[in-house]
Amino acid sequence: MFINGMVCILQSKYQINIDGTVAAYRLPYLLAGNSLVLKQDSIYYEHFYNELQPWKHFVPFKNDLSDLMEKLQWAKDHDEEAKNIAKAGQEFARNALMGDHIFCYYFKLFQEYAKLQVSDPKVRDGMEKVIQPDDDLFPCNCHRTKVKEEL
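UniProt numbering applies: residue 1 is where the sequence shown begins, and numbers increase by one.
Okay, here's the thing in structure tokens:
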């Protein structure tokens with residue numbers, strides 16, 4: 001049901017991205033579609049927000065929504081510019097937010113986090129090695145180094 005609903009939603013000319021109690025998780029999906037994304041200024045943050053550029057990848061509107069109608073009217077009045085912004089958002093999503101990019105982000109995140117570890121890991125009784133599956137679905141091309149064998 002979610003997939004069919006998203007397909008219908010992504011056929012709209014404009015997409016409005018509004019946060020809830022956290023950052024709106026659907027933003028990458030909206031950007032990857034063909035629609036112009038209007039994104040609320042947000043106190044929430046996802047790892048890719050610093051790479052997104054307002055008026056290049058999306059049209060920003062105020063957190064309190066007070067200028068949303070004005071921004072929608074701008075999009076209607078500037079159809080060609082709106083299409084260019086939508087296309088740039090789509091290219092950004094397809095070049096930075098696909099599965100392999102997300103996996104690489106987390107790989108690098110955990111690599112950096114591991115550097116902060118102050119003690120050696122302890123293998124406790126009852127622990128067993130979990131064989132890692134091949135990752136041909138989303139191969140990581142983020143310069144992976146050999147992981148230390150701990151078990």
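From the three backbone atoms N, C-alpha and C, an ideal C-beta is built for every residue, glycine too.
Because the structure is a prediction, the values reported are computed rather than measured.
Which residues in the same chain have their Cβ closer than 6 Å to the Cβ of residue i, if we skip the five residues on either side of it in sequence?
i: Ala82; result: Leu36, Ala75
i: Arg26; result: none
Would you call the CB atoms of residue i and residue j closer than 8 Å?
i: His47; j: Ala88; result: no
i: Ala93; j: Ala23; result: no
i: Gln15; j: Leu38; result: yes
i: Val59; j: Ile43; result: no
i: Gln90; j: Asn50; result: no
Taking the alpha-carbon positions, what's the residue i to residue j distance?
i: Asn17; j: Pro28; result: 10 Å
i: Gln40; j: Glu80; result: 22 Å
i: Glu70; j: Ala114; result: 47 Å
i: Asp100; j: Asp64; result: 35 Å
i: Asn95; j: Glu112; result: 23 Å
i: Met98; j: Arg124; result: 37 Å
i: Trp55; j: Lys13; result: 16 Å
Beta-carbon within less than 8 Å of residue i's beta-carbon, same chain only, minus the 5 sequence neighbours each way: which residues are those?
i: Ile131; result: none
i: Lys62; result: Gln40, Asp41, Leu68
Exercise for the section: With a floor of 3 residues, list each beta strand (DSSP E) that falls wholly inside the UniProt domain "Glycosyl transferase CAP10" (2-120), ordered by position along the chain. Expected result: 14-17, 36-40, 59-61
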